[in-house]
Structure formats: structure tokens, C-alpha cells
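Trainee:
Chains as they are written, first to last, in the working numbering: chain A, 1 to 477; chain B, 1001 to 1292.
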């Protein structure tokens, strides 16, 4: 290289103007966009009756009250393993889908993809399709350009506002919060969150777009380690398409045309939201949104060639097709040992969580013996153990419980500050009570180092009871 | 000085010239927004260092024109909590001590407050778990035996004035004679009294010594501890018939106590602690299991 000026260290983003496309995958993606956005926006407004003492919002993350409500399920902080389990399932699910269908998450369901898709749709409505947008981009700033830009940004900001606005409804009673938001009475954190999410949606969907996937997101890097030669990805059948070029109207010897099927119309490049050329092979920037498949199929129909010059395929298909062998059917790509193992693991965690969900009791007991000291001697020689009892009432009703103790020894039980052994625990609350368990002087429990005992908590209303085993520390002399 | 520039064949991008095991680094340009983000961070940092305490000077850092101070934040937080608790603290002082237990809000506040104050001021002697230290004669507050009384008023008085201290004339006061070191009783007589105490507290005893011990007890000890050894709370004289021994109930420990007359000292917590704090600790101690 003879040029002595060093190359620029920094590169401006090359603007991308994806063209409109119609086809199977585009239609599927419209439906998926409607579904995912619908779930996101509507969920906080669903109601679920839990009785008079609990919120009636179907999905609610109550940070202040440390509760998570999901339809019939209520999760307390000590049951956080459910969240961990769900995250593990989400992770395994992504592994499963990636090994079977490649970057299907990136292409169809990732919020960055879905919102960018929505923003491009808005852009197209206001500024026109690819050619009109290109013209507008190169045009000097005049009234028309300014007007279109401002309207577009206003709509983007509105979408951003709705997005950020919907987010906060998951954390508080939605109708009440909306009312408070409108009358400027909501907590500051709600406004801050909405502002931040509005701006990130606006910038990520409107301006950063593919750069988030290429520069910011760790997922493409992780995914490349989970794809294998059987994973379905979007690919270009270069053995069929090359050498590319415009078709001659009448080839001299029609049966021995040297031209491939690709007519180099760049339809696949023009529709790509990532601004890449799929004909260069698998690459990091490709999110497998499959829009190039729709674009190419359309062109192939027009020039009278079979569809599928660009299509879903795997590396094994590629090798087989080049060799002229039969390719594997699609189910053989999806049902493999690897995907089955992922499915089994995923389902295993799911079954565990569901089992755990049904095995949960409505009364939750935790009993912590005081270790400092392990026992107290009373005047008459009685040996006393002190415990801190915590009862969690997971029901929607206020409950009264009777606390009793059983064991091989004759234990007596007393509640600090209470004359009886009944305690009242309000709905959805934790109740703490210090309890004393006494063993008479010279009894076996008082003398032995340790004795087993069982604490019973019985609901007065219906007699359901729950037990908790612990030990009694004696003098051991 | 221009280094020979190599170009990667496949991508036709210049390399940096660095090579690791034959793997070369492409000299791709950074995205420009990245650069702008970097500039923004510098501008933010400059602004931040002017607005907030940042540059270390001789005595303290530059204060920053926003006047932010984490020390002040803590002071404000404390003042805020004090203000928020002012009403309930006032109520704690106003109501009758025995009425606090009937008011769940007040009881809970006093218990929590008292636990914190106990850990700060009382745990040094009585232990974090309030079990006392027998070797040193710090009383166990979890049991139902009280030297100076175990109802809420007595506990409150003890905490307020302390025991056997010089600074509060109302402190509980009593002093047992050192029967051994002051030669009031001989060693054999002390051993006899010790065996009598073993007997009345329901422990093994030496039958040969108890009758002499009983006589000596009536003569020397009963004036404070009572004829039956049940103690006297007005004098802080322990009950000698129960299972609880301040310094331990073995023959050796009893003998040592009679010989040297061991007793403890407790400071007066008024005016070191405010009345609401003393009441809170009293409620906490009363609620440890032995309160009367």
C-alpha cells in the first residue's frame, strides 16, 4: 500500500434502509410481533381475584411488599428458587432453540428485533419505502424533511413512552398507578423509570438498531458456541446461485448455461435490517430474521426458478446438497440427541418447579432455636429452650393458629407475652413469636444433651395442621 | 518510520501487525458512536468532579457546588428517624409502665428499640443473649430469678439507678461481709454453712456438717437471706434455695462466695440514657422470658 495517510480509526454507522417485503416469514413475524407486544402491553391489566386482602392484579411484582403474584401463584422472598428455576428454564430453553433452530430468538422474539421492526414500520409509513427514505436521507434539510423527521421521532417517542409506561405497571396496581401518573402523583421512581425506558426504546429502536446486536449484545457470541452443523440457519445455496449475474435473454446453448440462479438483484440485501449480504455466508451480524428468504423467493417466482435459493438449512444439508446426496428431513434436524437432552433437562426443571408449587403449604413455619445460651435454668430447676417462631400465612384470609408441642418427653409450651397458645396471623403476613419450651427438672429431656420434639401449628378454622421438627437442648451433665 | 502494512487476504483489511501463534489482529475501525460515548463520559466526569466532592485538598476534598455530603445524608437520616419516632417515644414515657404490654404497637416499638440499646450498652456484661456470665457473677436475665425484683417497675428502677455504684444515691445497695477473709468464720464453719446451703438448695450434701451449718446460718446469714434462705429483694440478697446460683452452686463456688463475699456493680443508666431508652430496655429485659 503506497497511501501514506493512515486509515481512520473510527467509522460512522452506515445507514440501512430496509425495503418492504412480503412473504411467509414476514407474515409470521407480523403475527409474532402482535403476540409479543400484546402480551407485554396487556398483561398488567389482567385481573385475578385473590380475596379481599390481596391485590387483584394477575401479574404483579410487589417490590415493597416483597411478593410476586402470577395468576394463582404467589411467591414469597424465601421461595426465590422459583425465579431461579424459571431463569434456568429460560436458559435451557434458549439452548434448546439455538441448537435446533439457530438464532431464532434473535430473529423473531428478541425485544430489540421486535421494537426495531415496529420502528421501521413507522418509518415506512411516514417516510415511504427504501427508495423514498434514501432520497430523503440525501436531500438537504428542508421543510419536508424536517416535518417527516419530526413526525417520525414523535411517533417513536410515543411508542417509547408506551413501552416504558407499560413496564412500571408490572410493579404496582396498574389502574391506580395510571391514575396517579396522569395526575402527577405517582412516585418519582415511576417517572424516572418511564423516562429512562422511553429514551432507551427511542434510541435503541430508532438509531442504534443493528449496532446493539453487533456491538452490545453478548448473546450472538454465546450462541455461536451452541450452534452445530445440524442447526437450522438462514443460508444461501451458492452452488446453485453462482456464478451470479443477469440472465441472458436467450442463452446460446440453453441446456449448458454457465449462469447460476442468482440474478444479483440485491433484493436479499435491500430487505436486510442488519445491512448484510447473506450470500457471503453465515456471519455474526445475521440474526436469521428470514426476510431475505421472502425477498428471494419472490424474485425466484418472478424469474421462473424454483424457490429456496436462500432458505433455512444446516451445514450438513449444505455438504449433502453439494455432493448431490439426499438431505435430512427437517424433523431430523430438530429431534437429535442434543436437543432431546436439552428438552429433558428443561422439562425436568419444569416438573420440579410444578411439584414444588403443589407441595407448598399454606402455613409456612420457620423455627430458629436461640443458641446463646442453648438452655436456661429456671428457679425450680426447669430447663427452658427459647425459640423464635415465624409463621407465614400464605392464604388470603386472616387465620388463628394453635401452637402445640409433642415429643417423647413431657414438654410444656409458653408464648412470650401471651396467656394462651393461640396466635392470630393476618392474611399474607409473617408473624413472629418468641416461644419457650420447658422440660421439668430432672426429666430425661432436662438431663440429656438433646431430645427431639415436634411443633404443631393447627389452623383453628378447618383443623389443617403443619409440623416442624427441632431439638431440645438439655444440661448434658 | 512507516511500518510495512500487511493486509489480510480474505477480508482485505489491514492488520495491526501483531501476531499470536499465526493469528493476526485486523485493524478494523471502532464505531464512531463509541468515540462519542467516550467523549460524553469525559464531559460527565468533569461535570461530576465540579458538582460533587472530588479533588483531595489538604484538609478535605473540594466540596462541589451541589453541596452533597454523605455525612450530612446520614445526619439527616438520623434526624428524620428521630422525628418520625418522636411521637411514639413521647407516648412511651407518658404511659404507665405496666400499660405498655397492653399496647401492641408500643410494645413492639419498645422491644425492638430496647434490643438495640441492650446490644450497645448492656451486652458487655450480660452478654448478647442476655445469659450473663456465671464465672464473673453477671446475672442471667433469661431466667425467672431476680435479685432486686423482676416486675417491670423493679427492672426499670434497677436500670435507672444501677446497683452499688457511687454516682447514684438511689442505687440498690447492700454488702455481704467477707466471712473468710475478715475472719468472721473459720474454714470449717464456712464448709459447714456451705453444706447447709447445698441441702436447702436440693443438692448432695455432707450429712455430718449440716446441723452445725444450719446453726451458723441462722446466726450469721438469716438476717439478710431469711431464716429459710429465701432471700430478700429489698437488700438484693439472693434466694439460696433455688436452682440458680449467681457464681455457681458447687461446694467450691459456695465456699468462695462465703469467704470473699462476691457481689456485682451496675452503673446508673439515668441520665446516660434518656427515659424512653431506659423504658425500652426495661420492656425488652422484662420480655426475655423471666419477667414477673
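Every residue gets a Cβ at the ideal spot worked out from N, C-alpha and C, and that includes glycine.
Computed from a prediction, not measured in an experiment: that's the story for all the values here.
Below 8 Å, can you find three or more Cβ-Cβ pairs linking the stretch 263-280 of chain A to the stretch 14-27 of chain A?
Mentor: Yes: at least three Cβ pairs fall under 8 Å.
Trainee: Bridge partners for residue 1039 of chain B per DSSP, in chain order?
Mentor: Its beta-bridge partners do not exist; DSSP assigns none.
Trainee: Run through the stretch 161-236 of chain A for me and flag every whole beta strand (DSSP E) of 3 or more residues, listed as ranges in chain order.
Mentor: Within the stretch 161-236 of chain A, the runs of beta strand (DSSP E) that reach at least 3 residues and sit entirely inside it are, in chain order, 233-236.
Trainee: Under 8 Å Cβ-Cβ, which residues of chain C neighbour residue 417 of chain A?
Mentor: Among the protein chains in the structure shown, which are A and B, there is no chain C.
Trainee: Tell me whether residue 1001 of chain B is buried or exposed, calling it buried when 16 or more other Cβ atoms sit within 10 Å of its Cβ.
Mentor: For residue 1001 of chain B, the predicted model reports a pLDDT of 41, less than 50, meaning its position is unreliable and no value from the coordinates is stated.
Trainee: Step through the CB atoms of chain A and report whether any lies within less than 9 Å of the CB of residue 1140 of chain B.
Mentor: Flagged as an interface residue toward chain A: residue 1140 of chain B, by a C-beta distance shorter than 9 Å.
Trainee: Along chain B, which residues have their Cβ under 9 Å away from the Cβ of residue 475 of chain A?
Mentor: Neighbours of residue 475 of chain A on chain B: none; closest Cβ ~10 Å, over 9 Å.
Trainee: Give a yes or no on whether the C-beta atoms belonging to residue 164 of chain A and residue 195 of chain A are separated by under 9 Å.
Mentor: yes
Trainee: Tell me which residue opens and which closes the alpha helix (DSSP H) that residue 28 of chain A is part of.
Mentor: 24-42
Trainee: For the stretch 376-390 of chain A, which residues have a CB atom closer than 9 Å to at least one CB atom of chain B, in sequence order?
Mentor: Those residues of the stretch 376-390 of chain A that come within reach of chain B (Cβ to Cβ, closer than 9 Å) are 376, 377, 378, 379, 380, 381, 382, 384 and 386.
Trainee: Counting contacts by CB-CB distance shorter than 9 Å, is residue 8 of chain A in contact with chain B?
Mentor: yes
Trainee: For the stretch 1236-1246 of chain B and the stretch 371-380 of chain A, state whether three or more C-beta atom pairs, one from each stretch, are separated by less than 8 Å.
Mentor: yes
Trainee: Between which two residues does the beta strand (DSSP E) containing residue 131 of chain A stretch?
Mentor: Note, residue 131 of chain A: premise wrong, no beta strand (DSSP E); alpha helix (DSSP H) at 130-138.
Trainee: To the nearest angstrom, how far is it from the Cα of residue 1 of chain A to the Cα of residue 1006 of chain B?
Mentor: Any answer about residue 1 of chain A is weak, because its pLDDT of 45 lies below 50 and its placement is not dependable; what the coordinates show is given next. Straight-line Cα distance between these residues: approximately 9 Å.
Trainee: Decide if residue 1136 of chain B is buried, meaning its Cβ has at least 16 other Cβ atoms within 10 Å, or exposed.
Mentor: exposed
Trainee: From the DSSP output, in three-state form, read off residue 70 of chain A for me.
Mentor: strand
Trainee: At 4 residues or longer, what runs of the alpha helix (DSSP H) sit wholly inside the stretch 1023-1105 of chain B?
Mentor: 1032-1051 and 1070-1094
Trainee: Could you name the residues of chain A that residue 1131 of chain B contacts, counting a contact when the two beta carbons are closer than 8 Å?
Mentor: 372, 373 and 376
Trainee: Check distances from the C-beta atoms of the stretch 1224-1243 of chain B to those of chain A and list, in chain order, the residues that come in under 8 Å.
Mentor: 1239, 1242 and 1243
Trainee: State the DSSP-derived secondary structure class of residue 369 of chain A, mapped to helix, strand or coil.
Mentor: strand
Trainee: My understanding is that residue 1092 of chain B touches residue 1115 of chain B, with C-beta atoms under 8 Å, so please give their C-beta distance in whole angstroms.
Mentor: Their Cβ separation, rounded to whole angstroms, is 14 Å, which puts residue 1092 of chain B and residue 1115 of chain B out of contact at 8 Å.
Trainee: Please name the residue in A:76, A:47, A:115 and A:24 whose C-alpha comes closest to that of residue 34 of chain A.
Mentor: A:115
Trainee: I need the straight-line Cα distance from residue 1158 of chain B to residue 392 of chain A, nearest angstrom please.
Mentor: 38 Å
Trainee: Which of the three DSSP states is assigned to residue 141 of chain A in this structure?
Mentor: coil
Trainee: Please report the distance separating the alpha-carbon of residue 137 of chain A from that of residue 150 of chain A.
Mentor: 14 Å
Trainee: Run down chain A in chain order and give the residues with a C-beta less than 9 Å from the C-beta of residue 1137 of chain B.
Mentor: Result: empty, since nearest Cβ-Cβ is about 16 Å, beyond 9 Å.
Trainee: Does any C-beta atom of chain B lie closer than 9 Å to the C-beta of residue 1 of chain A?
Mentor: With a pLDDT of 45 at residue 1 of chain A, under the threshold of 50, the modelled position of this residue cannot be trusted, and the question is left open.
Trainee: Comparing the C-beta of residue 1028 of chain B with each C-beta of chain A, is any distance below 9 Å?
Mentor: yes
Trainee: Can we count residue 296 of chain A as close to the ligand GTP, meaning its CB is less than 8 Å from some heavy atom?
Mentor: Looking for the ligand GTP in the displayed structure turns up nothing, as the structure carries no ligands at all.
Trainee: Taking the alpha helix (DSSP H) that residue 274 of chain A falls in, what are its first and last residues?
Mentor: Neither: residue 274 of chain A is in no alpha helix (DSSP H) and is coded neither H nor E.
Trainee: Distance check for residue 401 of chain A and residue 1086 of chain B, CA to CA, integer angstroms please.
Mentor: 35 Å
Trainee: For residue 369 of chain A, which residues in the same chain have their Cβ closer than 7 Å to its Cβ, ignoring the five residues on either side in sequence?
Mentor: Taken in chain order, the residues that qualify are 385, 387 and 470.
Trainee: Please confirm if residue 1031 of chain B has its CB atom under 9 Å from at least one CB of chain A.
Mentor: yes
Trainee: Of the choices A:37, A:28 and A:332, whose alpha-carbon is the least far from that of residue 230 of chain A?
Mentor: A:332
Trainee: Buried or exposed: which applies to residue 453 of chain A, given that a residue is buried once 16 or more other Cβ atoms fall within 10 Å of its Cβ?
Mentor: buried
Trainee: Give every residue of the same chain whose Cβ lies closer than 6 Å to the Cβ of residue 206 of chain A, excluding the five residues on either side of it in the sequence, and list them in chain order.
Mentor: 119 and 156
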